[in-house]
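Report on the following structure.
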Amino acid sequence: MAKEFKITSTRLSDLEKELNYLKTTREREIAAMIAEARSYGDLSENSEYDAAKNEQAKLYGRIAEIEDILAHAVVIADENEASGRVGLGCTVTVENLETGAQNTYRITGSQEANPMENKLSDDSPFGRAIVGCAAGETFTVHAPAGSFTMRVLHVTREG
Numbered sequence: 131m132a133k134e135f136k137i138t139s140t141r142l143s144d145l146e147k148e149l150n151y152l153k154t155t156r157e158r159e160i161a162a163m164i165a166e167a168r169s170y171g172d173l174s175e176n177s178e179y180d181a182a183k184n185e186q187a188k189l190y191g192r193i194a195e196i197e198d199i200l201a202h203a204v205v206i207a208d209e210n211e212a213s214g215r216v217g218l219g220c221t222v223t224v225e226n227l228e229t230g231a232q233n234t235y236r237i238t239g240s241q242e243a244n245p246m247e248n249k250l251s252d253d254s255p256f257g258r259a260i261v262g263c264a265a266g267e268t269f270t271v272h273a274p275a276g277s278f279t280m281r282v283l284h285v286t287r288e289g
């Protein structure tokens, strides 16, 4: 069975827009770059031509990647919204019970995860531990660096 990509409807829309841009505007720009580079003559020693062809290869690679994601995308539904439990698309504020530190994270699918922006995948150790928890509940994260216990302070859902 092919891998499913859990994504939000917003991410789905962003990917569709990016794919449209790449297949229209960007593809024409690269074709023009290749045509211009060809006009410089001998292709065997033409660095502009090589660069344009490399850019074209990257473009087609990204198009194939997006098409694969869209073909196997599962738009996440909010099964936990009514219950107030943590699920995909939730923003949660948690407290580390050992240190007292509080952090806010958004729980996403793997395609949207970006730890630098506090967007954590439901497939990560943290995501697996917190999904299904409600405000006030504690949970333990079993991470490669060790285990730690957290408490859910707030669960919110953003449109």
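Reading the sequence shown from the start, the letters are residues 131 to 289 in the numbering used here. For every residue, glycine included, the Cβ atom is placed at its ideal position computed from N, Cα and C. For clarity, every value in this text was computed on a predicted model and none was experimentally measured.
{"Query": "Chain-order list of residues whose beta-carbon lies under 7 Å from that of residue 152 (same chain, five-residue window excluded)", "Result": "189, 192, 193"}
{"Query": "Nearest-angstrom Cα separation, counted from residue 266 out to residue 259", "Result": "14 Å"}
{"Query": "Other residues of its chain near residue 142: CB distance less than 8 Å, five sequence neighbours each side excluded", "Result": "200, 203, 205"}
{"Query": "Chain C within 8 Å of residue 183, Cβ atoms only", "Result": "The structure shown has no chain C; it contains just one protein chain."}
{"Query": "Same chain, Cβ closer than 7 Å to residue 271, five either side skipped, listed in chain order", "Result": "255, 256, 259, 277, 278, 280"}
{"Query": "Cβ neighbour criterion (16 or more within 10 Å) applied to residue 290", "Result": "Examination of residue 290 is not possible in this model, given that the chain is present from 131 through 289 alone."}
{"Query": "Nearest neighbour of residue 223, chosen from 187, 197, 248, 242 [CA to CA]", "Result": "248"}
{"Query": "Where the alpha helix (DSSP H) containing residue 150 begins and where it ends", "Result": "139-151"}
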